[in-house]
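Counting from 1, position 329 in the sequence shown corresponds to residue 328 in numbering that gives the first Met the number 0; the numbering is continuous, with no gaps.
Backbone N, C-alpha and C fix where the C-beta goes; we use that ideal spot for every residue, glycine too.
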Amino acid sequence: MQITIIDYTGRKKSLHVPQAEPRTLAQVIFTSGLVPAPPLCSGLGQCGKCRVRFVENAPLPVGPDTLIFKEHAIDAGWRLACRHEPEDGMVIEIPKNSYIRHVEIAESSSKSLHLAIDLGTTSMHWTLLDGKKRIAFGSEPNPQMGAGSEIMSRLSFATTDSGKEILQDLVVSRITELIGELTEDSFGSVDSLAIAANPAMTYLLLGLDTSGLATAPYKLTYKGGTVETIADLPPAYIAPLAAPFVGGDLTAGLTSILQKKPEYPFVLTDMGTNGEFILALSPDNYLVTSVALGPALEGVGLHYGATAAKGIATSYKLTPNGLVPSVLDGKYSDGISGTGYLALIHALRKINFISNDGLFIEKQTQGLGARLAERLEIRHGIQHLALPDSMYLSAEDIEEFLKVKAAFTFALTRILETAEISAAQLKKIYLAGALGEHAAVQDLEGLGFIPAGMGSRVEAVNNTSLKGAELMLIDPTLRSMAESLTANCEAVDLTADPDFTQTFMRHMRFTFI
0 MQITIIDYTG
10 RKKSLHVPQA
20 EPRTLAQVIF
30 TSGLVPAPPL
40 CSGLGQCGKC
50 RVRFVENAPL
60 PVGPDTLIFK
70 EHAIDAGWRL
80 ACRHEPEDGM
90 VIEIPKNSYI
100 RHVEIAESSS
110 KSLHLAIDLG
120 TTSMHWTLLD
130 GKKRIAFGSE
140 PNPQMGAGSE
150 IMSRLSFATT
160 DSGKEILQDL
170 VVSRITELIG
180 ELTEDSFGSV
190 DSLAIAANPA
200 MTYLLLGLDT
210 SGLATAPYKL
220 TYKGGTVETI
230 ADLPPAYIAP
240 LAAPFVGGDL
250 TAGLTSILQK
260 KPEYPFVLTD
270 MGTNGEFILA
280 LSPDNYLVTS
290 VALGPALEGV
300 GLHYGATAAK
310 GIATSYKLTP
320 NGLVPSVLDG
330 KYSDGISGTG
340 YLALIHALRK
350 INFISNDGLF
360 IEKQTQGLGA
370 RLAERLEIRH
380 GIQHLALPDS
390 MYLSAEDIEE
400 FLKVKAAFTF
410 ALTRILETAE
420 ISAAQLKKIY
430 LAGALGEHAA
440 VQDLEGLGFI
450 PAGMGSRVEA
460 VNNTSLKGAE
470 LMLIDPTLRS
480 MAESLTANCE
490 AVDLTADPDF
500 TQTFMRHMRF
510 TFI
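And the structure:
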């Protein structure tokens with residue numbers, strides 16, 4: 000079948016859609032390579048970022064359409080692409096989306112450059128090195144986002160050969176374009192790459208069979224630690240993988256942390272869409288585990304969720320006049336980052352407006368709580384709190400963060416129990432990834448991610464995965480070090496717990512368990 004896409008500039012593009020592989024219209028459009036993929040909520044119909052307008056052959060609206068769009072917009076052809084399937088002859092307008100790239104470039108005198116890449120599920124971070132010097136760095140959404148915002152949706156998409164090929168081509172093409180952009184102004188040439196990624200992103204990058212990661216019992220058929228030739232890219236060193244769902248991002252991160260000569264025992268956790276943990280008991284004894292968090296920490300899949308950028312609320316504080324957002328480069332906010340949601344929920348917890356189990360407490364008798372209670376309303380059958388700047392905090396958004404918290408503490412406590420030590424014995428908890436880079440420690444402590452009183456032993460270490468990839472380019476001997484680390488890692492499989500669901504539910508409280 001054929002559909003026609005009209006981008007925001009008015010350019011028309013025809014797209015052939017194979018009928019043998021059922022996919023949503025959002026997946027078809029945003030994995031086509033014709034338009035950049037916005038950060039989507041994986042077909043939940045919540046974020047509204049897959050909105051499109053049908054010029055011809057508009058399908059009948061479904062429930063989520065009516066929740067996002069007003070009647071006049073539906074009459075004009077607006078629909079959520081994630082809730083509809085492609086049909087022959089559709090003509091669809093794609094609005095400009097918030098595809099945010101951040102790039103900073105300095106001058107270089109070298110003609111031989113090296114590119115380090117942290118390939119995350121949600122975003123891709125990179126640095127261009129001239130020797131040991133960073134001469135450029137940037138970040139942008141992972142171009143595979145159109146297939147879904149979390150790992151399992153990507154693996155599901157890759158179950159067919161064409162799906163696997165599409166996802167590989169999206170990221171390889173983008174890295175190829177990036178190298179061209181970085182070298183077009185006589186920067187020289189990129190001679191080598193180092194790529195740190197979780198196992199799923201690694202396998203998709205290399206075009207490997209992902210069946211061992213898609214279904215239990217999970218297993219690694221490729222463990223990294225090798226230099227690979229990928230299409231026409233420069234030779235790429237792939238950071239070694241420690242276990243299924245504990246990948247090169249964490250081994251690269253551990254390599255970076257070990258340069259600090261840390262005291263044992265410590266925990267390094269990389270908290271993005273996939274949560275990965277290493278408990279370092281000694282220089283040659285490590286426990287590793289992973290847990291699915293979803294993309295909420297990165298501002299994806301929420302009603303007003305957004306990545307941190309100009310005009311986005313990244314924090315909230317309580318004042319006598321109510322909740323006040325802290326907005327990047329502006330006075331008014333039009334979205335909330337993941338850390339903004341954390342700060343918002345913590346602020347409401349401090350005045351007992353949200354319960355331990357994540358529910359709004361409506362019965363408020365005095366002060367700010369009583370004034371906020373007047374701003375509670377039911378929208379589409381879900382309780383919402385009206386916020387400044389015409390936004391809302393929904394009960395569903397709170398539940399998403401409660402799930403993140405439960406996953407975090409479940410994984411942390413289980414790995415500590417396996418080692419037969421307590422959280423109090425840890426010298427440090429190093430926080431990397433989206434959580435570690437931006438979240439305030441007081442919010443994490445206040446929401447029960449870490450035990451009360453442990454905030455002083457928590458250290459945000461930003462993007463250790465990218466730093467480790469840089470180190471593997473600067474000092475190749477550290478590659479051998481990273482590879483030996485994986486040999487000393489013992490995996491703790493949370494999914495093997497027969498009481499997984501019951502145990503997880505016990506952690507569904509904004510207190511540390």
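Run of the beta strand (DSSP E) containing residue i, from where it starts to where it stops
i	result
ILE277	273 to 281
ARG378	375 to 378
ARG78	77 to 79
VAL51	50 to 55
VAL457	457 to 461
ILE73	That residue, ILE73, is in no beta strand (DSSP E); its alpha helix (DSSP H) goes 70 to 74.
ALA385	381 to 385
VAL266	265 to 270
SER14	Sequence check: residue 14 is Leu here, not Ser. Note, LEU14: beta strand (DSSP E), 11 to 15.
GLU92	90 to 92
Residue i to residue j span [Cα, whole Å]
i	j	result
SER138	ALA235	19 Å
GLY530	ILE93	Nothing can be reported for residue 530, as the shown portion of the chain is limited to 0 through 512.
HIS83	VAL189	42 Å
VAL266	PRO142	31 Å
LEU112	ARG133	10 Å
THR121	THR254	23 Å
LEU205	ARG374	51 Å
GLU70	GLU419	58 Å
GLY44	GLN26	13 Å
PRO261	ARG50	48 Å
PRO60	GLU149	26 Å
GLN18	ASP87	10 Å
PHE448	PRO58	44 Å
ASN197	THR412	22 Å
LEU128	LEU472	9 Å
GLY298	THR182	32 Å
First through last residue of the alpha helix (DSSP H) which encompasses residue i
i	result
PRO198	198 to 205
MET519	With the chain represented from 0 up to 512, any question about residue 519 goes unanswered, as that position is not in the structure.
THR417	394 to 418
SER255	247 to 257
VAL27	24 to 29
ILE67	62 to 67
ARG505	499 to 505
GLN441	440 to 445
SER210	210 to 213
Minimum C-alpha distance to residue i - residue among the options
i	options	result
MET151	LEU212, ARG173, LEU341, SER122	LEU212
PHE400	GLY293, VAL460, SER325	GLY293
GLY334	LYS48, VAL16, MET0	LYS48
ASN461	ILE256, THR494, PRO37	ILE256
VAL34	THR209, CYS40, ILE4	ILE4
ILE397	ASN355, ARG478, GLY329	ASN355
VAL102	ILE73, ASP74, ILE116, ALA135	ALA135
ASN320	ALA308, LEU286, GLY368, GLY304	GLY368
LYS426	LEU465, GLN363, VAL457, GLY432	VAL457
VAL170	GLY454, MET123, VAL287, ARG505	MET123
PRO233	VAL287, HIS383, SER172	SER172
ALA199	PHE244, LYS402, THR288, ILE381	PHE244
GLY162	ILE178, LEU203, ILE174	LEU203
CYS488	ILE360, ASP248, TYR285, LYS11	TYR285
THR463	GLU149, MET270, PHE29	MET270
ARG10	ALA215, CYS81, LYS95	LYS95
LYS513	THR313, GLY223, PRO475	Nothing about residue 513 can be reported from this structure: the residues present for the chain run from 0 to 512 only.
ILE353	GLU55, ARG508, ASP496, PRO37	ARG508
ALA146	ARG22, THR214, VAL290	ARG22
Opposing strand residues paired with residue i [DSSP bridges]
i	result
ASP333	Its beta-bridge partners do not exist; DSSP assigns none.
GLU489	LEU286
LYS426	Per DSSP, none; premise fails for LYS426.
HIS514	Nothing in the structure corresponds to residue 514, since the chain is present only between 0 and 512.
GLY304	ILE335
LYS309	DSSP, once it has assigned bridges, lists no residue as partnering LYS309.
THR225	ILE237
TYR7	Note: TYR7 sits in no beta bridge, so no partner.
THR318	GLY321
GLN1	HIS15
SER188	SER111
GLU103	PHE136
ILE473	Paired residues: none, contrary to the question.
Distance cut-off 7 Å: residue i Cβ against heavy atoms of the ligand SAM
i	result
THR268	Only the bare structure without any ligand can be found here, which leaves the ligand SAM out of the picture.
If we require 3 or more residues per run, which beta strand (DSSP E) segments fall completely within the segment 110 to 184? 111 to 118, 122 to 129, 132 to 140, all fully within the segment 110 to 184.
Enumerated in chain order, which unbroken segments of the beta strand (DSSP E) with a length of 3 residues or greater are wholly contained in the segment 321 to 373? You should have 321 to 326.
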